[in-house]
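Heads up: the sequence lines are chains F and D, in that order. Per our numbering, numbering through the first sequence is continuous, rising by one, with the last residue being 501. Per our numbering, numbering through the second sequence is continuous, rising by one, with the last residue being 1157.
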Amino acid sequence: MDILQGVLSYFVNPQFLLYVFLGSVAGLFVGAIPGLSVSMATALLVSITYTWQTSDALATIMGVYVVGVFSGALSAILINIPGAPSSVVTTLDGYPMARRGEAFKALKYATVYSFVGSVFGLLVMALLARPITALALKFHPMDYFLLAFFGLATVGGLTSHSFVKGLFSALIGIFFAMIGMDSVMGTPRLTFGIQNLKAGISTVPALVGLFGFAEVLSMVFDGIREGDVNEIHQDNVPLREILRQLPHSLYYCLIGTLVGALPGAGGPVASFLAYGQAKRIVRHPSRPFGDGAYEGLVASESANNACIGGALIPMLTLAIPGDAVTAIILSVFYIHGLQPGPTFLRMGQAHFCEILAGGFVGCVFLLLLGFLVAPRISRLINVPKRILMPIVAVLCVIGAYACNKRLFDIGLMILFGVLGFVLRRRRFSTAPVTLGLVLGGMMDSNFRRAVSLASTAESPLKALFWRPITMILLLLTVGTLVTNSPAFKRWRAKRHPVAKA
Amino acid sequence: MKKLLRNHTFQDGLVVTMLALAFLIHAIVQFLHMSARVAWIMSPYLFPMILGAMGLLLGLVILYGGIREVRGNTDTGAEKACPDRLGFLRVLVVIALTIAYDALLPRLGFIPATMLFLAVMVCFLGERRWYRILLIAVITPLVLYAIFKLGLNVRLP
């Protein structure tokens, strides 16, 4: 009840509404323009909002997050290029609809079901945060270590072409998190004599490089290509007709929220899973799937937006981010001196309400901007990349510098940009690097604390693992590692050759 | 052997293994160096050592995957494609321009350095109309300065 009151109080706070609105407008453009991503915008925002009040920073970032995930659908529908990775599935039916002259109808479906998905995910988050927090209070240091390890193993398996490469990406992130002064002994570690590295690798330049500058380099490498924008005819599409898909949509939302809550899985996986389910449960689609069936569009948009609330659950209650954007939001928390985790709901309930309120207000702006502005910005989506990319490079430089005011950080940003570009070219995913970078410090300190506590016990192994939560987490982690290993996949393919085919 | 060295997975495995091995050796040397002063459990190099060992294991698995691909003739086809030398050249130029921009920032200041950087970059990426290049190079830094410095109070380089 107190959370509900807290959330509602922000709905009448003009300053809060203004910041969410600004974030939502930024999210609309950033998500819609291919080459600009929500992760990139959030990473840049971290450096801009560094000196702001926490509530203003969270309001802006939630606006960008909620509307940015939705607006990836605009370019997916209009030019067949997903504005965000989570909108890849939207292109399958959204673009064929636009080719048939139904771009406006597709945009309306995308807007309504992105709204439904976002609200569903945030409601689940509001309801589940407390029970998960109660469970998390029973966690020991080893449990935190295993949970973070499980998250990295999952993200490695789901986001990479190869599981082993995904795991290695996570190790790269952890390696960078190790650099700097050791938190336990206070001695420099892995600094290789470089004075500037003693303070550690700042997450902001690293994230700006991995998501922003790497994107610029990838675009430049692939050659600057522009897309053709489909015309939008504003036909009358009755809301009653759109809402007919609501019962199915709730099922896709549930898939999205659950997948979002898995560390690292995120929107692309959720929308693919929901699309697969839509193909299974919708017996008579309006058109064949992949040929402009709005049922496919509903599945993709409901699921990828429901991921938002899902991804925030482990981030707030366990300090384990669900995807790249929540990993960046986690760094906002740390920058503002907040400590997410089991005690967050008790100690920082006001900030929990700010996040929820920012999300819900963002949903309202999503609906307004989606109906009123989205159909009118089709021309902007086609900003020539040869103009957009140099401006993005300048924004990356500003973002990297703004947080610590060190030119060294611009160099770091360039280095991480090159790293991100090379990893992408060699089909290593960059999402595990982000998670490793954010979680590395926590994994290290919890691992050493757990080993140190166990070393004084009679049976160290028993002290480390002999608890129900630890055993479950250990089984989950080992299970993920084994079932994703190439040897296990080969063994399964031999046993079920038909399933593989 | 030539076929093996041309395989992308094998190449990746080789790089990953070498990096992980170098890191593991560094972590072990530092761990031993610290062990005289600190209990092994509290050593700052305990976790990096485990990390290096895991990296080495993953590198060997990738290497083995490459060998299997070549033996079973299941190359993904990526290695058959001609490497895009022009693309890499473009990327190198952009990196060099950004490093030069970073170096020029403290000498020229944000607005002049950004004007120069944008003019060269936009021109390099294919814009040929001089008035467009001029407009973008002049207006963008001024707008960014107004938004970030005056509007958002963000310190610029």
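Even for Gly, the Cβ is constructed at its ideal location relative to N, Cα and C.
Suppose you measure from the CA of residue i to the CA of residue j; what does that come to, to the nearest Å?
i: threonine 91(F); j: alanine 278(F); result: 15 Å
i: glycine 1077(D); j: glycine 1013(D); result: In this prediction, glycine 1077(D) has a pLDDT of 48, which is less than 50 and means its spatial position is unreliable; nothing more can be read from the coordinates.
i: serine 202(F); j: lysine 105(F); result: 44 Å
i: serine 452(F); j: leucine 1060(D); result: 31 Å
i: alanine 1137(D); j: valine 1094(D); result: 16 Å
i: glycine 341(F); j: leucine 316(F); result: 6 Å
i: phenylalanine 344(F); j: valine 269(F); result: 28 Å
i: serine 9(F); j: tyrosine 334(F); result: 25 Å
i: phenylalanine 408(F); j: isoleucine 33(F); result: 30 Å
i: glycine 1126(D); j: arginine 386(F); result: 6 Å
i: isoleucine 3(F); j: glutamine 349(F); result: 8 Å
i: serine 286(F); j: tyrosine 95(F); result: 15 Å
i: glycine 436(F); j: tryptophan 1130(D); result: 45 Å
i: histidine 496(F); j: leucine 44(F); result: 47 Å
i: phenylalanine 221(F); j: threonine 1009(D); result: 21 Å
i: valine 418(F); j: phenylalanine 11(F); result: 43 Å
i: glycine 479(F); j: leucine 1135(D); result: 58 Å
i: phenylalanine 21(F); j: alanine 126(F); result: 22 Å
i: proline 460(F); j: phenylalanine 1117(D); result: 59 Å
i: proline 1106(D); j: cysteine 403(F); result: 17 Å
i: arginine 448(F); j: isoleucine 132(F); result: 25 Å
i: methionine 40(F); j: alanine 457(F); result: 46 Å
i: valine 438(F); j: proline 384(F); result: 34 Å
i: asparagine 196(F); j: leucine 1144(D); result: 28 Å
Would you list the residues sitting across from residue i in a DSSP beta bridge?
i: glycine 180(F); result: Arg189(F)
Excluding the 5 residues preceding and the 5 following residue i in the sequence, name in chain order all residues of the same chain whose CB lies nearer than 6 Å to its CB.
i: leucine 54(F); result: One point to set straight first is that residue 54(F) is threonine, not leucine, in the sequence displayed. His336.
i: isoleucine 1041(D); result: none
i: glutamate 354(F); result: Ser55, Leu58
i: tyrosine 144(F); result: Asn446
i: glycine 441(F); result: Ala177
i: tyrosine 113(F); result: Ser249, Val298, Glu301, Ser302
i: isoleucine 398(F); result: none
i: alanine 274(F); result: Tyr252, Ile255, Ala299, Ala303
i: alanine 319(F); result: Pro340, Gly341
Comparing the C-beta of residue i with each C-beta of chain F, is any distance below 9 Å?
i: glycine 1087(D); result: yes
i: arginine 1155(D); result: yes
i: glycine 1077(D); result: Summary for glycine 1077(D): the model assigns pLDDT 48, below 50, so the residue's position carries little reliability, and this model does not support an answer.
i: isoleucine 1067(D); result: no
i: methionine 1018(D); result: no
i: proline 1112(D); result: no
i: arginine 1132(D); result: yes
i: leucine 1058(D); result: yes
i: phenylalanine 1148(D); result: yes
i: leucine 1118(D); result: yes
i: methionine 1121(D); result: yes
i: arginine 1161(D); result: Because residue 1161(D) is not part of the residues shown, which for chain D are 1001 to 1157, the question remains open.
i: valine 1070(D); result: no
i: phenylalanine 1047(D); result: yes
i: leucine 1024(D); result: no
Tell me which same chain residues have a C-beta within less than 8 Å of the C-beta of residue i, skipping the five on either side of it?
i: threonine 49(F); result: Asp56, Ala57, Thr60, Ile61, Val332
i: valine 38(F); result: Gly27, Val30, Gly31, Val64, Tyr65, Gly68, Val69, Gly72, Ala84, Val325
Under 7 Å Cβ to Cβ from residue i, same chain only, skipping five residues before and after it: list those, please.
i: methionine 1121(D); result: Leu1097
i: alanine 1119(D); result: Ile1133, Ala1137
i: leucine 190(F); result: Met178, Ile179
Compare the C-beta of residue i against all C-beta atoms of chain D and say whether one is closer than 9 Å.
i: aspartate 143(F); result: no
i: threonine 187(F); result: yes
i: lysine 105(F); result: no
i: methionine 443(F); result: yes
i: proline 238(F); result: no
i: valine 478(F); result: no
i: serine 455(F); result: yes
i: phenylalanine 115(F); result: no
i: valine 482(F); result: no
i: phenylalanine 447(F); result: yes
i: leucine 167(F); result: yes
i: lysine 385(F); result: yes
i: glycine 337(F); result: no
Legend entry - Ordered list of alpha helix (DSSP H) runs contained in the segment 1019–1070 of chain D, each at least 4 residues: none
Inset, instruction - Report the residue ranges of all alpha helix (DSSP H) runs contained in full by the segment 122–178 of chain F; include only those spanning at least 4 residues, in chain order. - result: If we require 4 residues or more, the alpha helix (DSSP H) runs fully inside the segment 122–178 of chain F come out as 141–159, 163–178.
Inset, instruction - Pick out the complete alpha helix (DSSP H) segments inside the segment 246–282 of chain F, 4 residues or longer, and give them in chain order. - result: 246–261, 266–281
Inset, instruction - Could I get the ranges of all uninterrupted alpha helix (DSSP H) runs contained in the segment 8–43 of chain F, with 4 residues as the minimum, in chain order? - result: 14–32
Legend entry - Whole alpha helix (DSSP H) elements within the segment 426–468 of chain F, 4-residue minimum: The segment 426–468 of chain F contains these whole alpha helix (DSSP H) runs: 431–455, 460–465.
Inset, instruction - May I have a chain-ordered list of the alpha helix (DSSP H) segments no shorter than 4 residues that lie completely inside the segment 52–82 of chain F? - result: 54–79
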